[in-house]
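All remarks here apply to the structure that follows.
There are 2 protein chains.
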Amino acid sequence: MARRIVIIGANASGVDAASAARKKDRTAEITLVTQEKTAGYSRCGLPFVIGGHIAEFKDLVVYPPAFFQMQKLNLCLETKATAINTKDKTVTVQTKDGATEVLPYDSLVIATGADSFMPPIKGREKQGILSLRGIEDGERIDAAVKAGAKSAVIMGAGLIGLELGVGLMERGLKVTIVEMLPQILPQLLDADMAKLVQQHLEEKSMQILLNKSVEEFLGDDKVTAIKAGGEVIEADVFISAFGVRASTKLATDAGIPLGETRAIKTNSRMETEVKDVYAVGDCAEAPNIITHKPVCPQLGTVAVRMGKVGGANAAGDYSLFGGVLASAVTRLFEIEAGNTGLTETAAQRNRIEVVTGAISSKTRADYYPGATPIKVKLVVEKESQRIIGAQIVGGEEVTQRINCISFAIQKGMTIRELAKADTAYAPPLNETWEPMVLAAEMVLMKFR
Amino acid sequence: MARRIVIIGANASGVDAASAARKKDRTAEITLVTQEKTAGYSRCGLPFVIGGHIAEFKDLVVYPPAFFQMQKLNLCLETKATAINTKDKTVTVQTKDGATEVLPYDSLVIATGADSFMPPIKGREKQGILSLRGIEDGERIDAAVKAGAKSAVIMGAGLIGLELGVGLMERGLKVTIVEMLPQILPQLLDADMAKLVQQHLEEKSMQILLNKSVEEFLGDDKVTAIKAGGEVIEADVFISAFGVRASTKLATDAGIPLGETRAIKTNSRMETEVKDVYAVGDCAEAPNIITHKPVCPQLGTVAVRMGKVGGANAAGDYSLFGGVLASAVTRLFEIEAGNTGLTETAAQRNRIEVVTGAISSKTRADYYPGATPIKVKLVVEKESQRIIGAQIVGGEEVTQRINCISFAIQKGMTIRELAKADTAYAPPLNETWEPMVLAAEMVLMKFR
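Chains as they are written, first to last, in our numbering: chain A, 477 to 924; chain B, 477 to 924.
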């Protein structure tokens with residue numbers, strides 16, 4: 477009998493899991509269930525549709541219906557998984573028309589993703605607090621802009637909050653970011669590097685309020701202002717970008733254990749504590765490559781990598797997930813910012829003694845037109861002299877530099893090795909002395 | 477008594493040697509001698525001045541006179557080193573005004589660079605054959621363009637030939653490239669990857685003639701046409717871009733041995749076979765990191781790295797040069813092409829059994845505007861499964877991907893590790909599945 481694989485969730489990790497499962501097992505019955513109307517789209521693209529760079533939300537669909545047909549994947553849209561029974565090996569679902577069905581499985585992949593998180597703030601039951609997680613959320617924000625909104629308050633200065641803020645400014649709105657912490661992008665960057673990004677955003681007229689907790693949503697039925705740090709801020713649109721939390725209710729109801737990050741606990745094959753049940757994507761945790769502690773970075777690249785491993789294993793393969801560095805990057809107006817490995821702050825939190833160094837350079841030869849500033853900060857474990865993190869902020873070519881350091885970390889490169897590394901150069905493309913190499917020298921000087 | 481360091485040559489490697497020597501020894505008497513009128517400029521920038529991207533040749537000066545003053549470096553311009561005496565430890569020079577001086581040294585750094593190479597072609601003594609090595613060469617080409625040249629023949633389809641060809645086309649000239657080999661960029665790329673670059677250049681109306689040796693320079697005193705592959709090609713400007721050869725006459729006259737590449741033989745401290753004499757830059761050889769055989773890649777990045785090591789050692793430091801991968805990159809119109817490590821052809825020449833794989837992808841999320849094609853080819857040593865080379869051709873973000881693979885090679889990353897690597901992503905900046913990772917999967921499939 478054909479192997480039955482059920483996958484709950486049909487975006488980044490779910491679809492990659494299905495695809496990997498199909499590659500391993502050509503005859504398996506693979507079923508994906510999702511509550512959403514659309515499957516296989518890129519969440520990461522949502523802010524750029526709102527910003528007007530991409531014409532329509534449906535353009536974000538990376539895996540169209542034809543893909544599912546071609547791969548012989550049974551895709552159930554607008555279908556809510558309501559229960560998992562790990563003893564009988566079934567998933568109960570409620571279809572679009574309200575019918576209940578029970579899907580038996582040989583292998584189950586939980587790819588339920590994450591939900592926007594709303595802290596217990598007074599008045600949060602009021603209407604008009606939007607968030608950005610799926611296409612329908614995006615459509616709501618887009619509709620508000622089209623209805624003539626002139627200003628927005630975004631609560632949270634993480635990647636989604638800032639990318640959305642830029643998108644709304646590109647549509648002509650006045651945007652105020654309210655962040656509880658003393659810096660923007662606290663997961664991605666140390667305060668010194670975040671400051672560079674903040675300056676750029678402020679030059680573009682984004683209003684950024686730090687050290688301000690949202691205390692209350694004001695208005696009658698509908699929110700018309702927030703109170704934050706004692707200040708009342710009015711706006712036409714209110715966006716909750718406090719962060720996301722792994723969607724784990726289905727798993728916990730079924731007795732599938734969570735890990736210390738409150739995401740679903742997995743082993744190196746992305747299998748949960750329950751046999752034949754895998755968890756991948758934003759709902760699952762995996763070890764950090766440096767600390768070996770479980771983390772849940774909730775990034776698209778991590779989700780697809782997890783999906784591929786979990787899906788292959790669900791189809792009988794033996795595939796290992798090597799852990800995460802949580803390499804991430806963003807573009808905000810004309811500035812790019814990225815991180816790989818641990819920030820200095822994260823290293824300290826993990827009680828790793830580090831030496832750091834940073835340099836400012838240019839993205840092209842100094843004499844070549846269009847050169848923009850770039851700053852590289854390296855975080856190095858003192859004892860081993862190994863690189864364990866890098867943050868880069870610059871006008872161009874940041875992403876692949878982050879990947880350079882990601883590869884270096886994954887292979888245990890020491891700061892001495894980076895300081896002598898062989899790099900490529902051409903005047904229109906970078907400086908003769910690669911900024912990463914110069915940053916390594918700055919760190920090395922502190923070891924002498 | 478202060479240590480006396482003499483450096484012959486005052487561009488990339490010479491200046492970096494001086495700077496490193498000064499860093500190590502604050503009191504050394506450091507003298508740089510160069511035949512040129514200008515020191516400390518970027519040769520790599522010359523084609524871009526000709527192309528009109530940079531206003532003037534003097535803008536290429538990266539180290540202005542103030543730098544030499546500040547670092548207390550004695551810079552002798554228009555001064556020709558005529559002899560080295562390694563027994564007496566002196567360098568004889570002829571100054572601008574014809575006077576002969578003898579400079580004693582404790583340490584000598586030979587950074588004489590390379591010269592344009594002209595094969596023994598009939599008629600090569602005729603006037604009007606230009607080349608592009610220094611600022612004065614560039615000024616001659618620029619003058620020809622300003623004098624109304626409408627067409628150019630460039631002999632050689634290496635980096636300099638093509639970059640200069642693009643520059644001349646940007647100035648409105650019709651450009652014909654004549655190359656003896658069956659492909660362009662033979663040092664940088666395998667034929668399959670070179671074809672992509674060639675197509676782009678041809679779309680831009682560059683005429684490229686392959687498999688054609690230059691047989692004769694035609695014309696009376698001055699060249700008016702060349703004969704290549706039996707065909708007569710007329711033009712207003714003729715550029716010799718056959719390649720460069722290490723400038724070693726001074727060294728060989730002094731009994732300093734060359735290595736198997738016909739460049740000056742060095743040890744891992746960039747010291748020649750003669751004590752206290754160092755050789756760095758385009759005139760010196762160094763081991764390839766993969767084959768451990770000496771090579772002489774004559775690249776700016778290699779030159780500065782060699783200079784730094786040789787200069788430090790000349791000042792009494794103990795600094796090792798880790799060898800070269802010869803990572804290189806270029807931008808030609810709207811296409812970037814780069815290489816690190818061995819091409820498939822070079823691997824075969826070195827009798828290394830390899831498995832290769834390539835994929836075509838996009839430089840941004842498929843739905844994001846401005847995404848351009850990118851192709852990644854990986855070369856993997858069959859026995860060890862280690863990556864030993866990569867070639868990338870694409871519309872953007874090629875350079876740092878080359879550096880990614882360069883770091884991977886330097887740290888012995890296997891193709892399996894690359895296929896599972898943690899990478900950063902954002903829709904405006906790259907695809908969720910990084911093309912390098914996808915290329916690794918293509919290779920891995922051949923191992924199964």
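Glycine included, each C-beta is placed from N, C-alpha and C at the ideal position. Only a predicted model underlies this, so the values are computations on that prediction, with no experimental measurement involved.
- Under DSSP, B:CYS880 forms no beta bridge with any residue.
- Per DSSP, reduced to three states, the secondary structure at A:LEU584 is strand.
- Any Cβ of chain B closer than 8 Å to the Cβ of A:PRO911 would place that residue at the interface, and such an atom is absent.
- At a cut-off of 8 Å between C-beta atoms, B:SER681 does not count as an interface residue with respect to chain A.
- If you check the CB distance, A:VAL856 and A:VAL830 come in under 8 Å.
- For the region 529-567 of chain A, the full-length alpha helix (DSSP H) segments reaching 4 residues or more read 541-546 along the chain.
- Proximity to A:GLY610 across A:ARG600, A:LEU640 and A:LYS626 peaks at A:LEU640, based on C-alpha coordinates.
- A check of alpha carbon separations from A:ILE684 across A:ALA711, A:ALA488, A:ARG647 and A:VAL654 identifies A:VAL654 as the nearest.
- Burial state of A:ASP729 is exposed, judged by a 10 Å Cβ sphere holding fewer than 16 other Cβ atoms.
- For B:MET656, no Cβ of chain A is located within less than 8 Å of the residue's own Cβ.
- The Cβ-Cβ distance between A:THR507 and A:VAL482 falls below 8 Å.
- Leaving aside the five residues that flank A:VAL621 on each side, the residues in its chain whose CB is nearer than 6 Å to its CB run, in chain order, ARG647.
- Contact with chain B is found for A:VAL780, since one of that chain's Cβ atoms lies less than 8 Å from the residue's Cβ.
- With respect to chain A, the C-beta atom of B:GLN675 has no partner C-beta closer than 8 Å.
- Counting only runs of 3+ residues, the beta strand (DSSP E) found wholly inside the region 647-680 of chain A occupies 650-654, in chain order.
- Two segments are said to touch when three or more pairs of C-beta atoms, one from each, lie closer than 8 Å; by this definition the region 698-707 of chain B does not touch the region 561-570 of chain B.
- Neighbours of A:GLY599 in chain B, taken as residues whose beta carbon is under 9 Å from its own, are absent, since the nearest beta carbon is some 34 Å off.
- Under the Cβ distance rule, B:LEU801 counts among the residues neighbouring chain A, one pair being separated by less than 8 Å.
- DSSP places A:ILE684 inside the beta strand (DSSP E), whose first and last residues are 683-685.
- Annotation for B:GLU820: ASP666, VAL830, THR832 and VAL855 place their beta carbon closer than 7 Å to its own, counting only its chain and skipping 5 residues before and after.
- For the pair A:ARG519 and B:MET912, the Cα-to-Cα distance works out to about 23 Å.
- Boundaries of the alpha helix (DSSP H) harbouring A:THR777: 776-790, taken from the DSSP string.
- For B:ALA897, the CB contacts under 7 Å within the same chain, skipping 5 residues up- and downstream, are VAL913 in chain order.
- Per DSSP, the continuous alpha helix (DSSP H) segment holding A:GLN824 begins and ends at 820-825.
- Secondary structure of B:ASP501 (DSSP, three-state): coil.
- Check the Cα spacing between A:ILE560 and each of A:THR724, A:SER627, A:ASP712 and A:GLU505: the tightest is with A:THR724.
- According to DSSP, residue pairing for A:PHE714 in a beta bridge involves A:ILE605 and A:VAL629.
- When Cβ-Cβ separations below 8 Å define contact, B:ILE636 makes no contact with chain A.
- Contact between A:LEU522 and A:GLY614 holds, since their C-beta atoms are separated by about 5 Å, short of 8 Å.
- By the rule that beta-carbons nearer than 8 Å mark a contact, A:GLU857 does not touch chain B.
- As DSSP reads the structure, A:PRO911 sits in no beta bridge.
- Only SER803, ALA804, VAL805, THR806, ARG807, GLU812, GLY814, ASN815 and THR816 from the region 803-816 of chain A bring a Cβ to less than 9 Å from some Cβ of chain B.
- Annotation for B:ASP591: the continuous beta strand (DSSP E) segment containing it runs 590-592.
- Proximity to A:VAL753 across A:ALA542, A:ALA762, A:THR742 and A:GLU761 peaks at A:THR742, based on C-alpha coordinates.
- The beta-carbon separation of A:PHE524 and B:TYR844, rounded to 7 Å, stays under the 8 Å limit for a contact.
- DSSP places B:LYS838 in the uninterrupted beta strand (DSSP E) bounded by 830-838.
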